[in-house]
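Numbering (UniProt numbering), first residue to last: 1 to 398.
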């Protein structure tokens, strides 16, 4: 009798390429991108808003996916062996890794839907938004999402051990379609992905329609800005396409194959293709920080500060946010006021707005006996002069 394990035997180059892709490329991308988001939210209090709490929860679930990937890849590849021990492995041992992965992915999908609802509420109920979306309410929602994700994620194990206890508890391989029964697959789709995809589509379509309506109203009044109308609409369409399009492209293939297995009787997820159909889902955890985090200018700036501070401490580059290092490394003969502008804005920030940063300049009209040093206020004023006045001053100083 031919073993059912034989179709899952990977060709050696393909198995190695998949392992390298997941362990050495995709997993580090997931870990680095989501760790930076979490560090920025923890590091800067101004980012601790209700909306960013959802972003931090999304980063946490995606970070768990990145930690799970190497272990899951090892289990998936080793399950393709045709040893007798593997042919009679207990289904519960196979289900535990899948339960963890389903829980993390479910939490990620639920939070993405919650982010869409948050943005929808900000447009649909702008006056009540601050009362509806508070720190306390968002924290409760996040706890509920994680509890629900854990319940859904471990439903395959509960079903196999309790409800289907009379069935065979041993399988020949640990593929998703072999260990997760058809009723559980349908339950997973109906309880997480289906409703979340519908909510996400409805919310972002509403956001696009409202934003487009507001843009048309504004440009109909301000005729001088009519030339930018198409660009504004394209930006709305771009945001909708990136958010919804990536979600559907990365999650739809696996879900469609699962539905085909349920309603058409195919065994796509019972063969070796299941691991490759799951790759886009894992890639979603690497893409989410860019889609939901780095597109926000405030989050992007905070992440850049975290990265530069970290690299500065490691000694790779000088820290742009250590004012004493800036002063020590500055050459007054080659100083450029334009380069000082960004450092003034980033370094000379204090709670009482009274601390002044001394920056050497190369002004030739320094009075005799002066130290040649100007304050931040003087530098900022000089920087903000119109180009015509700056040119006249330079000519006058020559």
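Just so it is clear, CB atoms sit at the ideal spot from N, CA and C, and this is done for glycine as well.
Contact check, residue i vs residue j, beta carbons under 8 angstroms
i, j, result
"residue 115", "residue 54", "yes"
"residue 37", "residue 293", "yes"
"residue 175", "residue 269", "yes"
"residue 103", "residue 150", "yes"
"residue 179", "residue 95", "yes"
"residue 196", "residue 109", "yes"
"residue 146", "residue 107", "yes"
"residue 306", "residue 242", "no"
"residue 33", "residue 289", "yes"
"residue 255", "residue 189", "yes"
"residue 91", "residue 160", "yes"
"residue 20", "residue 123", "no"
Per DSSP, cross-strand counterpart(s) of residue i
i, result
"residue 130", "None, per the DSSP bridge assignment."
"residue 34", "According to DSSP, which records beta bridges pairwise, residue 34 is partnered with nothing at all."
Three-state secondary structure assigned by DSSP to residue i
i, result
"residue 296", "coil"
"residue 247", "helix"
"residue 264", "coil"
"residue 394", "Because residue 394 carries a pLDDT of 47, less than 50, the predicted location of this residue cannot be relied on, and no value is offered for it."
"residue 325", "The predicted position of residue 325 is uncertain, since its pLDDT is 39 and thus under 50; a value taken from the coordinates is nonetheless stated next. In the structure shown, residue 325 sits in a helix (DSSP, three-state: H, G or I)."
"residue 64", "helix"
"residue 216", "helix"
"residue 316", "coil"
"residue 211", "helix"
"residue 161", "helix"
"residue 154", "coil"
"residue 49", "coil"
"residue 125", "coil"
"residue 254", "helix"
"residue 137", "helix"
"residue 284", "helix"
"residue 373", "Because residue 373 carries a pLDDT of 42, less than 50, the predicted location of this residue cannot be relied on, and the following value inherits that uncertainty. Here residue 373 sits in strand by DSSP."
"residue 189", "helix"
"residue 44", "coil"
"residue 180", "coil"
"residue 149", "helix"
"residue 302", "helix"
"residue 20", "helix"
"residue 106", "helix"
"residue 483", "Absent from the model: residue 483. The displayed extent of the chain is 1 to 398, so no value can be given."
"residue 270", "helix"
"residue 175", "coil"
Same chain, Cβ closer than 7 angstroms to residue i, neighbours up to 5 away in sequence not counted
i, result
"residue 217", "none"
"residue 119", "203 and 207"
"residue 295", "none"
"residue 117", "199 and 203"
"residue 257", "268, 269 and 277"
"residue 48", "41"
"residue 138", "50, 53 and 54"
"residue 134", "50"
"residue 35", "63"
"residue 140", "none"
Sequence-distant residues of the same chain with beta carbon closer than 6 angstroms to residue i, five excluded per side
i, result
"residue 142", "57"
"residue 194", "none"
"residue 367", "Because the pLDDT at residue 367 is just 42, under 50, the model does not fix this residue reliably, and the value given afterwards should be weighed accordingly. No residues qualify anywhere along the chain."
"residue 128", "none"
"residue 17", "none"
Own chain partners of residue i with C-beta closer than 8 angstroms, once the 5 adjacent residues on each side are dropped
i, result
"residue 30", "62, 63, 65, 66, 69, 282, 285 and 286"
"residue 201", "244"
"residue 246", "284, 287 and 291"
"residue 248", "197"
"residue 280", "249, 250, 251, 253 and 254"
"residue 331", "In this prediction, residue 331 scores a pLDDT of 38, lower than 50, which makes its location untrustworthy; the coordinate-derived value is nonetheless stated afterwards. Once the five neighbours on either side are set aside, residue 331 has no close Cβ partner at all."
"residue 261", "177, 182, 185, 267, 268, 269 and 270"
Contact the segment 294-309 vs the segment 38-47: 3+ CB pairs below 8 angstroms: The segment 294-309 is in contact with the segment 38-47.
Tell me, please, whether the segment 182-191 touches the segment 146-158 by the rule of three or more beta-carbon pairs shorter than 8 angstroms. Enough Cβ pairs lie closer than 8 angstroms, so yes.
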